[in-house]
Amino acid sequence: MTDLQRKLYDQVKSANVYHNLLRWDRLGVADVQAVAEGLKVNTTLTVLDMKEHHLDDDGAKAFAEALEVNTTLTELRLNQNQIGDAGAKAIAEALKVNTTLTKLNLWANQIGEAGAQAIAEALKVNATLRTLYLDRNQIGDAGAKAIAEALKVNATLRTLYLDRNQFGDAGVQAIAKALQVNKTLSWLNLIDKQIGDAGAQALAEALRVNATLAVLYLRENRLGDAGAQAIAEALKSNTMLTFLDLWANQIGEAGAQAIAEALKMNSTLIQLFLNGNQIGDFGAKAFAEALRVNMTVQRLDLTGNGIGNLGAQAIDEARQVNDKCRVNIDSQINPLTLSLRPRLATAKDIQAVFHLLTGGPELEAQPASLPVLPFEIAEPIMDEAHYWQGVQDTKQVHFADIFPKHPLKVTVPRSIDENPIQVKAIRVIREWKKPSHNAGDSVVVLTVQDEQGAVRFECDANLTLVDSTLECVTIWRADHHIIREMREGWKVQLVPSEFSKQFLFESLYVGYV
C-alpha cells in the first residue's frame with residue numbers, strides 16, 4: 064500500500080458522519096480499493112461523496128464489496144463517473160444484502176439496459192433505499208420496463224430520477240402502469256424523455272388512481288395539446304399531486320384551456336410550471352379565470368409563452384382577486400414573434416394530410432371523391448408542412464448566473480412508421496430587451512451531434528433583423544448537406560451567447576417530416 068493509499072484508508076476508516084474526497088484530483092484503481100477497504104471497517108460514516116473521480120466498473124465493484132459489510136453508511140454519491148453495466152450489477156448485488164443505505168446517486172454514468180435490469184432486481188428485495196438517482200445514463204425501454212416491474216413490489220423507494228436516459232413512450236407506459244399499484248413513490252423525474260401522446264395518456268391514467276405521487280417532472284417532452292388534455296383530465300380527480308412541471312412541452316391554447324379548467328376543480332396542486340410553451344393570450348386568459356376560483360396554487364410559471372398585453376392584463380386582474388398565487392410572466396414580447404414561431408403539429412397530423420392528398424377521400428355530401436394528387440406533387444407540398452419540435456428559453460429560466468452554459472437542445476425523435484425522419488429546417492428566433500444592440504452580436508452558434516454524441520457540424524449563423532428587437536434565422540434543407548444527413552437521435556444545440564442577459568427570449572426549432 065502506497066503512502067497515498069494508506070492516507071486514504073486511514074481517512075475513510077476514521078471519518079465521522081460525512082467525507083468528501085474531491086480534493087484528490089484523480090484516484091487510481093488501487094487508490095479506490097483503499098477507500099473501499101476503509102469503508103468496510105468504518106462504524107461512524109453516514110455520507111461518502113465520490114463524485115467525479117473517473118470511477119469505472121472496478122471502482123464500483125470495490126464499493127459494492129464494502130456495502131455488503133458496512134452497517135452505517137446511509138448515502139453514497141457515485142455520480143458523474145464512468146460506471147457501466149458491470150459496475151451497476153455489482154452494486155445491485157450489494158443492495159440485496161445492505162440494510163442501511165437510504166440514498167444512492169448514480170446519475171451521469173454509463174449504465175445501460177443490463178445494469179438497470181440488475182438494479183431493478185435488487186429493488187424487489189431491498190427494504191431500505193429511499194432515493195435513487197439514475198438520470199443521465201443510457202437506460203432504454205427494456206431497462207425502464209424492468210424498473211417498472213420493481214416498482215410494483217418495492218415498498219420503500221420514495222424518490223426516483225430517470226430523466227435524460229434513452230427510453231421513450233414504451234418505457235414511460237410501463238412506469239405509468241407501475242404507478243397504478245405502487246403505494247410509496249412520491250417524487251418522479253421524467254425530464255427529456257420524448258414523451259408523446261401515448262406516454263402522456265398512460266401517465267394520466269396512473270394519476271387518476273395513484274395516491275402517493277406528489278412531485279412529477281415532465282419538462283422537455285412532447286406532450287402537445289393532446290397530452291396536456293389527458294393530464295388535465297387526471298388533475299380533476301387527483302388529490303395527491305402538489306408539484307407539476309410541464310416546461311417546454313409544445314402545449315398550445317387548447318392544452319392550456321384544458322389545464323386551466325382542471326385547476327377549477329383541483330384543490331391540491333401548489334406549483335405548476337408551464338413556461339416555454341405556446342399558450343398565448345387565450346391560454347393566459349383561461350388561467351386568469353381559473354385563478355379566480357382556485358385558491359390552492361401558490362406558484363404558476365407562464366414565462367416564454369407568447370403572452371401579449373391582453374393576456375397579461377387578464378392575469379393582473381385575476382391577481383386582484385387572488386393574491387395567494389405568484390404568477391411569473393414575461394415582459395411583453397414583440398407581436399411579430401408569434402408569426403415567426405412555427406406551427407407545432409403532430410407527426411400523425413402530417414401523415415394524415417399526406418394520405419388525404421394522395422388517397423382521394425370520398426366526400427360526405429355526395430358520391431364523389433377529391434382528385435388524387437400524384438406523389439411527385441404531394442411530396443413538395445408536404446415538404447412545406449414541417450412538423451416543428453421546439454424549445455425556448457428566457458432570462459427568467461436559465462439565463463441567470465447560476466446557469467451560464469445551459470444550451471437549448473432539440474433531439475430528432477423516432478419515426479412513427481417505417482419511413483425515416485427527414486429534417487427540413489432549423490430556425491432560431493431571438494428578441495432583445497432593447498433595440499440598441501450591436502449588429503455584430505446578432506450571431507448564433509449551432510452544433511449538430513449524431514446519435515452517439517459526436518459533433519458532426521458547428522457553425523455561426525447570422526440572424527436577420529425582423530423588427531427593432533426581433534431577429535430570426537432559418538437554415539433550410541437545401542442550404543446545407545448536414546441537414547439532409549440528420550436522422551432520428553441526432554441533436555441540434557444552440558450554444559448560449561455571452562450577451563444572453565440582454566435577451567428577452569431565445570428559441571430553437573427543428574422542422575421535420
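Take 64 as the starting number for the sequence shown in our numbering and just add one per residue.
Cβ coordinates follow ideal geometry from the N, Cα and C atoms, glycine included.
In the structure shown, the three-state DSSP call for Leu225 is coil.
Contact between the stretch 143-153 and the stretch 207-225 is absent, with fewer than three C-beta pairs closer than 8 Å. Separation of the CB atoms of Asn391 and Thr366 is rounded to 5 Å, and the pair is thereby assigned contact status at 8 Å. The stretch 174-188 and the stretch 129-137 do not touch, with fewer than three beta-carbon pairs separated by less than 8 Å. By the CB criterion at 7 Å, Arg477 and Glu569 fall outside the cutoff. Relative to the Cα of Ile484, the nearest Cα in the group Val160, Gln376, Arg389, Val576 belongs to Val576. Here Asp379 carries a helix assignment [DSSP, helix/strand/coil]. When the five nearest sequence neighbours on each side are left out, the beta carbons in the same chain lying within less than 6 Å of the beta carbon of Phe520 are those of Val511, Ile545, in order along the chain. Around the beta-carbon of Gln383, fewer than 16 other beta-carbon atoms lie within 10 Å, marking it exposed. Per the coordinates, the alpha-carbon of Met64 lies some 39 Å from the alpha-carbon of Leu220. According to the DSSP assignment, Ile538 belongs to the beta strand (DSSP E) that extends over 533-539. Non-local beta-carbon contacts of Ile538 in its own chain, meaning distances under 6 Å to residues more than five positions away in sequence, involve Ile489 in chain order. Around the C-beta of Tyr81, fewer than 16 other C-beta atoms lie within 10 Å, and the residue is accordingly described as exposed. Counting along the chain, the unbroken beta strand (DSSP E) around Ile489 starts and ends at 486-495. Looking at the DSSP output, Val508 shares a beta bridge with Asp523, Val558. Asn284 is the residue among Asn284, Asp94, Lys327 whose C-alpha sits nearest the C-alpha of Ala263. With respect to Trp170, Asn142 sits close: the two C-beta atoms are nearer than 7 Å. The residue among Ala123, Asn525, Ala127, Glu128 with its C-alpha nearest the C-alpha of Ile146 is Ala123.
The residue from Leu533, Leu509, Leu111 with its alpha-carbon nearest to that of Ala524 is Leu509. Taking the Cα of Ile258 as reference, the smallest distance to any Cα among Val278, Asn245, Ala233, Ala277 is reached at Ala233. DSSP places Thr400 in the helix class (H, G or I) of the three-state scheme. Beta-bridge partners assigned by DSSP to Lys166: Glu138, Thr194.
In terms of CA proximity to Glu324, Ala351 leads the group Ala351, Leu307, Thr305, Leu337.
Scanning its chain for C-beta atoms nearer than 6 Å, with the 5 sequence neighbours on each side dropped, one finds around Ile492 the residues Leu403, Cys535, Ser570, in chain order.
Under the 10 Å beta carbon count, Met303 is surrounded by fewer than 16 other beta carbons and is classified as exposed.
Residue range 66-77 is occupied by the alpha helix (DSSP H) that includes Arg69.
Separation of the CB atoms of Asn340 and Asn357 is rounded to 19 Å, and the pair is thereby denied contact status at 8 Å. DSSP places Lys472 inside the beta strand (DSSP E), whose first and last residues are 471-474. Non-local C-beta neighbours of Thr331 in its own chain, meaning closer than 8 Å and more than five positions away in sequence, comprise Asn301, Thr302, Met303, Leu304, Thr305, Thr359, ordered along the chain. Val110 is the residue among Gln313, Asp530, Val110 whose C-alpha sits nearest the C-alpha of Glu138. Ranked by Cα distance from Glu514, the first of Asn168, Asn228, Ala277, Gln74 is Asn228. At the C-beta level, Thr532 and Glu494 come within 7 Å of one another.
Residues of the same chain with a CB within less than 6 Å of the CB of Leu102, apart from the 5 flanking positions on each side, are Val75, Ala129, Asn133 in chain order.
Asn200 and Leu253 have their C-alpha atoms some 13 Å from each other.
A residue is called buried once 16 or more other Cβ atoms fall within 10 Å of its Cβ, and Asp364 is buried on that count. Residue pairing by DSSP puts Val573 in a beta bridge opposite Gln452, Ile489.
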